[in-house]
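The opening position of the first sequence corresponds to residue 343 in our numbering, with each subsequent residue numbered one higher.
Even for Gly, the Cβ is constructed at its ideal location relative to N, Cα and C.
Small disclaimer: the values here were computed from a predicted structure and weren't measured.
Comments concern the structure below.
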Amino acid sequence: MYTIKTEDFNLEYTLDCGQVFRWDRDGDWWTGVVNGAVARISQNPETGDLRVDSSLDEAFFHRYFRLDDDLPAIFRQINKDEHMDIAINKYRGLRLIRQDPRECLISYMLATASNIPRIKKNISMLSALFGEEIENGHYSFPKVEALASATCDDLCECKMGFRTARIIKAANAVANGDIVLDELFSLDYGEAKNELMKLEGIGEKVADCILLFAFEKMEGFPVDTHVEKIVKAYYGNDPYFEGNATKSKIGNWGRHYFGEYCGYAQQYLFYQKRLEGLI
DNA sequence: TGCCAGGCGAAAG
DNA sequence: CTTTCGCATGGC
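Now the structure itself:
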């Protein structure tokens with residue numbers, strides 16, 4: 343057990359906002375499986391200090407929770423209007439998380455046309471069946487090799503529906519080197535997005551999630567059904583849309599309007615919509 | 001019960 | 001180019 347000092351970090355918002363699917367809260371403590379290890383974390387609401395019980399060290403969580411991001415500087419860039427001002431003040435401390443690329447890829451392919459409780463259940467089942475048991479009842483996220491050698495029948499217990507075949511194909515593409523994920527880090531946003539979208543089951547939205555959450559592409563602006571509704575409600579009259587705010591236009595608008603850190607803006611809007619609906 | 005879900009891709013207009 | 005549908009299943 344050890345302590346991590348933090349500033350401008352809110353554990354609850356960061357783990358609850360819907361970007362990660364393997365953390366659960368029990369009272370003051372969050373328990374999750376990350377990087378093949380179990381971790382338990384709580385936050386002192388007065389000081390912001392984290393208490394951490396895990397074999398993973400402080401450096402790992404510093405990187406995982408993006409404590410290197412200068413949040414006030416990011417806020418100054420994305421705080422373009424009263425909507426964002428309200429969201430970032432209310433949910434201040436929500437940080438993006440640096441996810442494992444392979445886990446993020448599979449998780450967001452699985453998230454298409456689903457909902458967060460169901461996604462969490464699917465991933466939990468997938469890990470129990472194809473991951474490794476770390477502690478009693480806690481399983482690591484499956485390696486792509488384990489998913490690549492599975493069949494649709496093997497995966498039927500996970501109830502992933504039409505997503506099952508796509509995930510097996512993508513796992514094969516990663517496992518046999520048809521796509522080399524680590525190379526995406528050195529590509530720019532547009533190039534990396536094109537590479538991801540070559541995989542069946544990855545369109546603009548899923549690609550943006552993966553790029554934002556796992557590949558350091560902060561200009562990812564995922565436009566799902568919630569963000570589409572928010573932007574139409576708050577910003578639909580912006581002349582940029584010429585009266586027709588399609589999903590693809592909304593993504594480009596978000597990058598243009600919020601700038602370099604639009605991915606942070608998207609996540610604050612998304613979380614606010616989930617908790618409060620349209621205001 | 002029926003609608004919709006952190007969508008995508010093929011088909012049709 | 002834009003719009004419409006089917007997909008497989010469960011949460012609400």
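The beta strand (DSSP E) that contains residue i, what's its start and end?
| i | result |
| --- | --- |
| leucine 523 | That residue, leucine 523, is in no beta strand (DSSP E); it is neither H nor E in DSSP. |
| alanine 379 | 379–385 |
| glycine 374 | 371–376 |
| glutamate 475 | 475–477 |
| tyrosine 582 | That residue, tyrosine 582, is in no beta strand (DSSP E); it is neither H nor E in DSSP. |
| aspartate 395 | 392–396 |
| tyrosine 344 | 344–346 |
| aspartate 427 | Unbroken run through aspartate 427 is the alpha helix (DSSP H), 424–432; no beta strand (DSSP E). |
| arginine 367 | 365–368 |
Apart from the five residues on each side of it in sequence, which residues of its chain come closer than 8 Å, Cβ to Cβ, to residue i?
| i | result |
| --- | --- |
| isoleucine 510 | Leu489, Ala490, Ala492, Thr493, Cys494 and Leu497 |
| alanine 507 | Cys494 |
Among the residues of its own chain, which have a CB less than 7 Å from the CB of residue i, if the five just before and after it don't count?
| i | result |
| --- | --- |
| aspartate 423 | none |
| leucine 409 | Thr348 and Phe351 |
| glycine 473 | Tyr481, Ser482, Phe483 and Pro484 |
| valine 486 | Arg444, Ala513, Val516 and Ala517 |
| serine 590 | Glu546 |
| asparagine 557 | Contrary to the premise, residue 557 reads as phenylalanine rather than asparagine in this sequence. Around phenylalanine 557: Pro443, Leu526, Phe527 and Ala534. |
| leucine 541 | Ala512, Ala515 and Ile521 |
Considering only the beta carbon of each residue, do residue i and residue j sit closer than 8 Å?
| i | j | result |
| --- | --- | --- |
| methionine 451 | alanine 512 | yes |
| arginine 505 | threonine 454 | yes |
| aspartate 399 | serine 384 | no |
| cysteine 359 | leucine 436 | yes |
| phenylalanine 403 | isoleucine 346 | yes |
| glutamine 614 | alanine 429 | yes |
| lysine 535 | alanine 549 | yes |
| arginine 382 | serine 397 | no |
| tyrosine 606 | isoleucine 448 | no |
| glutamine 419 | tyrosine 603 | yes |
Rounded to whole angstroms, what's the CA-CA distance from residue i to residue j? Just pull it up for me.
| i | j | result |
| --- | --- | --- |
| proline 581 | phenylalanine 563 | 19 Å |
| leucine 438 | threonine 356 | 7 Å |
| tryptophan 365 | isoleucine 592 | 30 Å |
| glycine 619 | phenylalanine 363 | 21 Å |
| valine 573 | isoleucine 621 | 12 Å |
| serine 528 | asparagine 377 | 22 Å |
| lysine 462 | glutamine 361 | 11 Å |
| glycine 390 | glutamate 354 | 11 Å |
| glycine 585 | asparagine 594 | 15 Å |
| arginine 597 | asparagine 478 | 44 Å |
| phenylalanine 600 | valine 522 | 30 Å |
| isoleucine 524 | leucine 538 | The question names isoleucine, yet the displayed sequence has aspartate at residue 524. Rounded to the nearest angstrom, the two C-alpha atoms are 12 Å apart. |
| methionine 502 | valine 380 | 25 Å |
| asparagine 434 | proline 387 | Note that residue 434 is arginine in the sequence shown here, rather than asparagine. Computed Cα separation, rounded: 13 Å. |
| glycine 374 | arginine 616 | 22 Å |
| leucine 553 | phenylalanine 583 | 25 Å |
| phenylalanine 407 | alanine 401 | 10 Å |
| histidine 425 | asparagine 431 | 10 Å |
| glycine 543 | glutamine 441 | 20 Å |
| proline 459 | glycine 532 | 31 Å |
Tell me where the alpha helix (DSSP H) around residue i begins and ends.
| i | result |
| --- | --- |
| serine 456 | Premise fails: serine 456 is in no alpha helix (DSSP H) and is neither H nor E. |
| tyrosine 355 | 353–358 |
| arginine 440 | Counting along the chain, arginine 440 falls outside any alpha helix (DSSP H), and DSSP gives it neither H nor E. |
| aspartate 616 | With the sequence shown as reference, residue 616 is identified as arginine, and aspartate is not the correct amino acid for it. 604–618 is the extent of the alpha helix (DSSP H) around arginine 616. |
| glutamate 487 | 486–490 |
| leucine 413 | 413–420 |
| glutamate 349 | Looking at the DSSP string, glutamate 349 is not in any alpha helix (DSSP H), and its letter there is neither H nor E. |
Kindly list the residues whose CB is nearer than 6 Å to the CB of residue i, restricted to its own chain and excluding five residues on each side of it in sequence; keep chain order.
| i | result |
| --- | --- |
| cysteine 500 | Asn464, Met467 and Leu468 |
| alanine 587 | Lys574 and Gly578 |
| leucine 413 | Asp350 |
| tryptophan 372 | Leu357, Trp365 and Ile383 |
Unbroken stretches of the alpha helix (DSSP H), 4 residues or longer, contained in the stretch 497–548: 505–517 and 531–538
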